[in-house]
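Participant: The structure under discussion is supplied below as structure tokens; questions concerning it will follow.
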Amino acid sequence: MSQKVLLSAKEINIILHRLACQLIENHLDFKDTVLIGIQPRGTFVAERLKKILVEEYNISEVKLGYLDITFYRDDFRRGSKPLEANKTKIDFVVEDKKVVFVDDVLYTGRSIRAALTAIQSFGRPSEIELLTLIDRRFSRHLPIQPDYRGRQVDAINQEKVRVMWEEQEGEDKVYLVIK
Amino acid sequence: MSELSVDHLLGIKYLKREDIELIFETADHFKEVINRPIKKVPSLRDITIANLFFENSTRTRLSFELAEKRLSADVINFSAAQSSVKKGETLIDTVNNILSMKVDMVVMRHPNPGAGVFLSKNVKASIINAGDGAHEHPTQALLDSYSIRERLGDVEGKNVVIVGDILHSRVALSNIFALQLQGANVKVCGPKTLIPKYIGNLGVGVETDLRKALEWCDVANMLRVQNERMDISYFPSTREYTQQYGVSKALLDSLDKEIVIMHPGPINRGVEITSDVADSKQAIILNQVENGVAVRMAVVYLLASKIKQ
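Line by line, the protein sequences are chains A and B. Read in our numbering, the first sequence has 80 at position 96, and its numbers run on one by one without any break. Read in our numbering, the second sequence has 370 at position 29, and its numbers run on one by one without any break.
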């Protein structure tokens, strides 16, 4: 197994700032917009974005929720490993809100398909957008594309993209792992 | 751990402590789900479950059915009163007939102890015991412990007394196993005639004085007197039972601490507990019912995830 660095801490930081600016361009003061971090790893991206929006661009209130999609996945009983659930925490109404799904890696699109179903349990958003730090091009199983993408990556199926966060793994870095 | 160590839920005595922890963690997620505007997830849409009730039940049957439906399973219900059991069909034949309609899981209540174990050895389906005679009622014990954990933070180290008809109670036996597995101290309290002779072998204390038992405990689980299972008289009169083993608000207020009151239902108001106790803040009887759905969703979900495709 070998790995190479796709993004350094500095590059991640620049990308997150760009994504934050793109969000502001479309959502201005975030009055009717909510960010939803997709569990388990999208929450880190979402928290970073919220921090940048609040601290550096003075957006007074950014609503942030976490959505777990385990019970909506289409591979229940199909994998060798059992699925493990994470916490869902959405303390606000999503009815008529603009929802932005935030995830770290967009790969087959199946997680986002599950998230689109899961969010319906909390109401009917007026629209849903997708933000992803890494977009693995050419590997989609479903017709799902991001509205905001950090970096597009061409990776073959045997490769894996690993996104590390300082708060979890001790460093900000994105690796391409070759099995 | 992310998988149960068992393929069936036949009794608490077959579980490990980690199994109970996994069930509770999963139930936490489902409790959040059933408090959403839309209380349903699509996980089990390709699973069919048969609820076989050879004995009367209201809340357990409804709770299981709701849990299954909230997981999007297909559900068929069967009660012995309207079935071919009355025409002489054996249990295995009845169940195999149902299974040939492509059923993946069976939830069964049966008057005979061991019916679930027997079935699990003879048919190809995942079995959940919803009560077998006076033997075990595992999901009730799980939801009881889950409710204690919710109210008191933890089950370990807590003193729990089970009061009433221990002799005829599957709830008592499953609770003893579940509580001990999680490190709680358990005592039983009731008239000597309603306490099994060798209960001490399970490592539980016996107390015949209700006040002493309540002074000792953090939680009192009040059982119903099961008149329907009593072939002889175990105490002189209901009035006398209530005087000695009924919990009233006055008795609770006279204790120097606030204990938690539980009851698996159905309550006989004025017999094992008075109405003002049943409706007081100390009673978590309705929390138990709500948690019952979440805990059963967890059990069904975790067992279903082990069914091979």
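By construction, the Cβ of each residue, glycine as well, lies at the ideal position given by its N, Cα and C atoms.
Does any residue of chain B bring its CB to less than 8 Å from the CB of F76/A?
Facilitator: The sequence position of residue 76/A within the first sequence is 92, counting from 1. Not one chain B Cβ lies under 8 Å of F76/A.
Participant: For Q152/A, report the span of its beta strand (DSSP E) as first-last.
Facilitator: Residue 152/A sits at position 168 when you count from the first residue of the first sequence. Not the beta strand (DSSP E): Q152/A falls in the alpha helix (DSSP H), residues 150 to 153.
Participant: Do you know offhand how far E113/A's Cα is from N516/B's?
Facilitator: Mapped onto the first sequence, residue 113/A falls at position 129. Mapped onto the second sequence, residue 516/B falls at position 175. Looking at the two C-alpha atoms, the distance is approximately 49 Å.
Participant: Within 8 Å of any Cβ in chain B, is that where the Cβ of F85/A sits?
Facilitator: Position 101 of the first sequence, counting from 1, holds the residue named residue 85/A. So no, F85/A is outside the interface.
Participant: Are the stretch 33 to 51 of chain A and the stretch 120 to 140 of chain A touching, with three or more C-beta to C-beta distances below 8 Å?
Facilitator: With the cut-off at 8 Å, the stretch 33 to 51 of chain A and the stretch 120 to 140 of chain A do not touch.
Participant: Using the rule of at least 16 other Cβ atoms within 10 Å of the residue's Cβ for burial, across every protein chain shown, is M449/B buried or exposed?
Facilitator: Translated into the one-based positions of the second sequence, residue 449/B becomes position 108. The residue is buried, with at least 16 neighbouring Cβ atoms inside 10 Å.
Participant: I need the boundaries of the alpha helix (DSSP H) containing V77/A, first residue and last residue.
Facilitator: For this step, residue 77/A is matched to residue 93 along the first sequence. Looking at the DSSP string, V77/A is not in any alpha helix (DSSP H), and its letter there is neither H nor E.
Participant: What residue from S413/B, R570/B, I648/B has the CA that sits closest to S384/B's CA?
Facilitator: Here residue 384/B refers to the residue found at position 43 of the second sequence. Among S413/B, R570/B, I648/B, the Cα nearest to that of S384/B is on S413/B.
Participant: Suppose you measure from the CA of M563/B to the CA of R108/A; what does that come to, to the nearest Å?
Facilitator: To locate residue 563/B, count along the second sequence from 1; it is residue 222. To locate residue 108/A, count along the first sequence from 1; it is residue 124. Taking the straight line from one Cα to the other gives about 44 Å.
Participant: Comparing C-alpha positions only, which one of V78/A, V147/A, N(-3)/A sits nearest to Y91/A?
Facilitator: Position 107 of the first sequence, counted from the start, is the residue given in the question as residue 91/A. Checked all of V78/A, V147/A, N(-3)/A; the closest Cα to Y91/A is V147/A.
Participant: Does any residue of chain B have a CB that is nearer than 8 Å to the CB of T27/A?
Facilitator: The count along the first sequence starts at 1 and reaches residue 27/A at position 43. No, because no Cβ of chain B sits closer than 8 Å to the Cβ of T27/A.
Participant: Quick one: grab the DSSP three-state call for L126/A.
Facilitator: Indexing the first sequence from 1 puts residue 126/A at position 142. If DSSP states are grouped into helix, strand and coil, L126/A belongs with coil.
Participant: Suppose the cutoff is 6 Å on Cβ atoms and the five residues either side in sequence are ignored; what does the same chain contact list for I608/B look like?
Facilitator: The residue given as residue 608/B occupies position 267 in the second sequence. Hits under 6 Å: A619.
Participant: Between the stretch 529 to 545 of chain B and the stretch 477 to 486 of chain B, can you find at least three pairs of beta-carbon atoms closer than 8 Å?
Facilitator: The stretch 477 to 486 of chain B, when compared against the stretch 529 to 545 of chain B, does not touch it at the 8 Å Cβ threshold.
Participant: Report the residue from H509/B, Y487/B, S461/B whose alpha carbon sits nearest the alpha carbon of M571/B.
Facilitator: By 1-based counting over the second sequence, the position of residue 571/B is 230. Here the closest residue by C-alpha is H509/B.
Participant: Short of 7 Å in beta carbon distance, which residues of its chain neighbour G541/B, apart from the five on each side in sequence? Order them along the chain.
Facilitator: Numbered from 1 along the second sequence, position 200 holds the residue referred to as residue 541/B. Correct list, in chain order: V547.
Participant: Say whether chain B places a C-beta atom closer than 8 Å to the C-beta of Q(-13)/A.
Facilitator: The residue labelled residue -13/A in the question sits at position 3 within the first sequence. No - not a single Cβ of chain B is within 8 Å of the one on Q(-13)/A.
Participant: For H125/A, count neighbouring C-beta atoms within 10 Å of its own C-beta (all shown protein chains included) and say buried if the count is 16 or more, exposed if not.
Facilitator: Translated into positions along the first sequence, residue 125/A becomes position 141. With fewer than 16 Cβ atoms within 10 Å of its Cβ, H125/A is classed as exposed.
Participant: To which residues does DSSP link K82/A through a beta bridge?
Facilitator: One-based indexing of the first sequence puts residue 82/A at position 98. For K82/A, which the question treats as bridged, DSSP gives the partners T17/A, E111/A.
Participant: To the nearest angstrom, report how far apart I573/B and L535/B are at their CA atoms.
Facilitator: Counting from 1 along the second sequence, the entry for residue 573/B is found at position 232. Counting from 1 along the second sequence, the entry for residue 535/B is found at position 194. Cα to Cα, the separation comes out at about 11 Å.
Participant: Tell me, please, whether the CB atom of S343/B is closer than 8 Å to any CB atom in chain A?
Facilitator: Working through the second sequence from its first residue, we reach residue 343/B at position 2. With 8 Å as the cut-off, S343/B counts as an interface residue toward chain A.
Participant: Between which two residues does the alpha helix (DSSP H) harbouring G457/B extend?
Facilitator: On the second sequence, position 116 is the one that residue 457/B refers to. 456 to 463 is the extent of the alpha helix (DSSP H) around G457/B.
Participant: Could you give the DSSP three-state label for F395/B: helix, strand or coil?
Facilitator: Reading the second sequence from its first residue, position 54 is the one you call residue 395/B. Note: F395/B maps to coil in three-state DSSP.
Participant: Quick one: what does DSSP say G524/B is sitting in, helix, strand or coil?
Facilitator: Counting from 1 along the second sequence, the entry for residue 524/B is found at position 183. G524/B falls in the coil class under three-state DSSP.
Participant: Answer yes if the stretch 585 to 603 of chain B comes into contact with the stretch 549 to 564 of chain B, meaning at least three C-beta pairs across the two stretches below 8 Å, and no otherwise.
Facilitator: They touch, by the three-pair rule.
Participant: For chain A, find out if any of its Cβ atoms is closer than 8 Å to the Cβ of V382/B; answer yes or no.
Facilitator: Within the second sequence, numbered from 1, the residue matching residue 382/B stands at position 41. With 8 Å as the cut-off, V382/B counts as an interface residue toward chain A.
Participant: Can you name the residues of chain A whose CB is closer than 8 Å to the CB of S646/B?
Facilitator: Locating residue 646/B in the second sequence gives position 305, where the first residue counts as 1. Those are F60, R61, P66, L67, listed as they occur along chain A.
Participant: My assumption, with CB atoms under 8 Å, is that N376/B sits in contact with S488/B. Please give the rounded CB distance.
Facilitator: Start at 1 with the first residue of the second sequence, and residue 376/B comes out as number 35. Start at 1 with the first residue of the second sequence, and residue 488/B comes out as number 147. Between S488/B and N376/B the Cβ distance is about 16 Å, and since that is not below 8 Å, they are no contact.
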